[in-house]
Each structure stands twice: as C-alpha cells, then as structure tokens.
Amino acid sequence: MSVLITIKVPGNVDVFTKCLEERADEFAAIAERAKPLGAIHHRFGLGADHVLVVDEWESAEQFEAFFANPELHSFISSVGGNPEASEVAITTAVSSPDEF
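Per my numbering, the very first residue in the sequence shown carries number 1247; after that it's consecutive.
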C-alpha cells in the first residue's frame, strides 16, 4: 500500500515561483531521480508564506531516504525554502468510493 506525503515548506513563495520557470530543468531532473526510488505522484501548492508538496510514494522509507539527501535540502534552500523547518506528514493511502 502506498503512502501520501504532505510537506509544508516555509519560505519565500515569490522566489520559488520564479525558480519554477527559470530552473525548470532542475525540478524535472529531481523528479526523474525520484521516480525509480518509489515516487508515484508529485504536486506543489502555493500558500502566502509556504509551499505545500503533495506526493504519493510506494513506502515511507523510500520517501524518507530521498528527502534526507543533503543535496535535495540545498536545492530547496536555493529556491527559497527552509527544509529544516518543514512540517512533514506521512499517511497511508486508502481507496474510497468518492476517489477520482
């Protein structure tokens, strides 16, 4: 059974938004590295002072190993985020009749 991950990353949303465009190739490269490690789905959401990451992974352990990478933390910092202050929630994904 897969897990759903939400990560609330405090930081500068304007810097992050600009980096999505200017550094798109770096974001894409990280996604390509994550997929064979167990990542299934990935999205960003923007708040006033944070970025919300919504992921689905094959297991919590796979996500934790990926997210512990110091290079990933450096990248997050370089695009306006504070990975050390991030709030991470890991939940078991379940199917429901209203799923779409």
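Beta carbons are placed, not taken as given, at the ideal position from N, Cα and C, and that holds for glycine.
Would you give the residue range spanned by the beta strand (DSSP E) that residue i belongs to?
i: residue 1283; result: Neither: residue 1283 is in no beta strand (DSSP E) and is coded neither H nor E.
i: residue 1335; result: 1333–1338
i: residue 1302; result: 1296–1303
Which whole-angstrom value is the C-beta distance of residue i and residue j, which I expect to be below 8 Å?
i: residue 1324; j: residue 1254; result: Going by Cβ atoms, the distance from residue 1324 to residue 1254 rounds to 19 Å, so no, they are not a contact pair.
Identify whether residue i lies in helix, strand or coil by the three-state DSSP scheme.
i: residue 1260; result: helix
i: residue 1290; result: strand
Could you give the distance in angstroms between the alpha-carbon of residue i and the alpha-carbon of residue j?
i: residue 1328; j: residue 1319; result: 8 Å
i: residue 1249; j: residue 1268; result: 31 Å
i: residue 1264; j: residue 1288; result: 19 Å
If we count the other Cβ atoms within 10 Å of its Cβ and call it buried at 16 or more, is residue i buried or exposed?
i: residue 1284; result: buried
i: residue 1347; result: Here the chain covers residues 1247 to 1346 and nothing more, so residue 1347 does not appear.
Can you give me the start and stop residues for the alpha helix (DSSP H) that residue i sits inside?
i: residue 1307; result: 1306–1313
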